[in-house]
Structure formats: C-alpha cells, structure tokens
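Asks:
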Amino acid sequence: MRPKKTLIIGGGRLGHAIRHALLQAHQSVEAWDIKAERRSSPLPFETLAHEAHIFFIAAPTKANRSIAQKLLPSLNSSDVVISFAKGLEAPSASRVDTILREEIGKRAVYGFLTGPMLAAEIESGQPTFAELALSQKSAFGGVERLLEKTSISLTYNSDLPGLVLASVFKNCYAVGLGMFDALGYGTNFKSALTVYILGEMENLLSKLGGKKETVWGRAGLGDMLTTGWGNLSYNYHTGKRIVNEHDTTFKSEGCEALRQMKKFLGKKAKLTDFPVLAAIHSIVNDDHEPRKTFEKLLHHTLTR
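Residue numbers (our numbering): 1070 to 1373.
(1) Keeping to the same chain, check which residues put their C-beta closer than 6 angstroms to that of threonine 1341; ignore five residues upstream and five downstream.
(2) Are the Cβ atoms of glycine 1180 and alanine 1202 separated by less than 9 angstroms?
(3) Between which two residues does the beta strand (DSSP E) holding alanine 1100 run?
(4) For the beta strand (DSSP E) containing phenylalanine 1238, name the first residue and the last one.
(5) Need the endpoints of the beta strand (DSSP E) that serine 1152 sits in, please.
(6) If you draw a straight line from the alpha carbon of leucine 1246 to that of lysine 1155, how long is it in whole angstroms?
(7) Determine the contact status of valine 1244 and serine 1351, defining contact as a CB-CB distance below 9 angstroms.
(8) Can you find the residues in the same chain that come closer than 6 angstroms, C-beta to C-beta, to glycine 1335, ignoring five residues on each side of it along the sequence?
(9) Which term fits threonine 1197, buried or exposed, when burial requires 16 or more other beta carbons within 10 angstroms of its beta carbon?
(10) Considering only residues of the same chain and omitting the five flanking positions on each side of threonine 1219, which have a CB-CB separation below 6 angstroms?
(11) Hey, leucine 1273 and leucine 1234: beta-carbon distance below 9 angstroms or not?
(12) Would you call the stretch 1291 to 1302 and the stretch 1134 to 1144 in contact, with 3 or more CB pairs under 8 angstroms?
(13) Going residue by residue through the stretch 1276 to 1322, where are the continuous alpha helix (DSSP H) segments of at least 4 residues, counting only ones entirely within it?
(14) The alpha helix (DSSP H) that contains histidine 1350, what's its start and end?
(15) Count the other CB atoms within 10 Å of the CB of glutamate 1158; is the residue buried (16 or more) or exposed (fewer)?
(16) Based on the DSSP output, what are the partners of glutamate 1213 in its beta bridges?
(17) Taking the alpha-carbon positions, what's the phenylalanine 1258 to methionine 1293 distance?
(18) For a test of the three-state rule: what should DSSP assign to leucine 1182, helix, strand or coil?
(19) Between the alpha carbons of valine 1165 and serine 1146, how many angstroms are there, rounded?
Right, dumping it as structure tokens:
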C-alpha cells in the first residue's frame, strides 16, 4: 500500500509556495486547481483526493464550500482538511471554520492555518511562523511532522474562532492601511492608528466568540505587521489602488469581507462601535471620500 500523500487545492501563489516547500522537504504532495495548467498531475480530482490524507485548501473563501463538498466522498475520520481562507463567504457572510463545520462536520478533522505567511518568503525558504487551530487537537502532531523539515514552524492555538476572526479583520484593516499610505500620512499617525486597530480587534473577537489574546499573536499582530506594514500584501495594495484609481470595485478578500460585514456582525456587534473598521467600510461600500474619512478619524476618534 502506497503512503498517503498531501493534496493542495488551489494553485495560486500560496498553494504553489506550500507545495514547493513540501517538495523541498521530500514530502509526497500533489496540487489540483480549477485551471488545468496549475495541476501537478493529469489524474482526476477524485483519485488525488482518495490518495491523500492531509488537504490544504489554498483557495478564496468563496470556493471553500464547493471544495469541501467535492472532498467529502473521499474523507475518513483520520484525514485533515486545513484552509488558509481569510474572508467571508457571500451571500451567507460565513467564516471558513463555519463552512468546514457545516460541510465536513465529524467526517474528518478540519482546521485553519494562519499567520504572517507571505508566499514569496515561503517559496524562498525564509523562516515562517504560523498558528494552526483544529477541530481535534490530536491531529496537530501529524501536520507538524509534515512541515517539520520545511521553513514553516507551527504552534497550536485552541481558539479556532478567534484565529479565523483575527485573520478576517486583519484583511479588512490591511485594505485601510493601504489607503492610508496612498494618502501620504506619516509613520507617527500610522503607528497610532495600528494600536487603535488592535484594540478594535480585541473588542470584535470578544463579542464574536474569540479570545482577546489571539489578537496579540501571529494571526493578529504578526499578520497585521506583515500585510499592513509590508509591501507584498494584495489587500494592502488593493487599498492603495482604491485611493489612486478612485475605484472601490476590487475583489480582494478584505474588500469582499467588508461588503458582508454588517450581515456578519448582525446583532452581536454594531459597526459604528468600531470607528476605524466603520470608516474603511464606508469607503469600500458607500464610496466615501478616503481623505475626508481618515481626517475625521484623526480629529474625532484618535485624539479622544
């Protein structure tokens, strides 16, 4: 009997980088994508899924439900399905852990892997530190062993809802920080704004079922520094383009989550209680003028 493989579903930059890292570590790994040219094998999806034990879903949030449904016939209780998706599904406004619970349930272990994980740095072998939450902690060791000879170091976090929430909100705020930099504000203001953002994230996680301390780990502060203060994040660059091109129709995970935000918060939290998130939301959803919106934040919120 052949040893079980790892299957990466999604052939974008992150999926490609994870596969490259695993191949460099001499792991048996295949990749499947809706685009045939991104696939590692001519075998059909069903065959690849049947031969795998660990599955990484490196696809946008909107595709995770259909992928989980496609995987279901091949899964057994010892299999592990891990998503990287940091958005909200439209039109349900569901988080990825909710999607996996609804579609996979107890058929297999499911989880979420996140943190400062720029694809280019993973592919080049730079040290990368991530957090993994699973529906069953007992499966962590197998995933850790899979990655132990790569440059990716894992820690376990029991706060599955909090990890997902931190990642969703981080993407939303990264769009805003991209806008902020495009407007030409300085580091002093940006630093103060980032501190305020992290406070908002604490309150959001607390109201929505996560743990406050998750904000200060790799999924929150760590990933915020990577995407909101670096220059390689798609959400960050989307924010810059919104300002520079006067266009709010972009479809990054952060923008798509912002469009679902009011429905997502529902009765658990009021958007207006989170001024920075509300400001970014108003620019993306309601075409509010970015500079006026940030000036209002400066004079009426951050100086209080």
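No residue lacks a Cβ here, since even glycine has one placed at the ideal position from N, Cα and C.
Replies: According to the structure shown:
(1) Ala1347
(2) yes
(3) 1098 to 1101
(4) Looking at the DSSP string, phenylalanine 1238 is not in any beta strand (DSSP E); the run it does join, the alpha helix (DSSP H), is 1229 to 1251.
(5) 1149 to 1152
(6) 17 angstroms
(7) no
(8) none
(9) buried
(10) Ala1090, Ala1094
(11) yes
(12) no
(13) 1292 to 1297, 1303 to 1314
(14) 1344 to 1355
(15) buried
(16) Answer is none; glutamate 1213 lacks a bridge partner.
(17) 16 angstroms
(18) strand
(19) 20 angstroms
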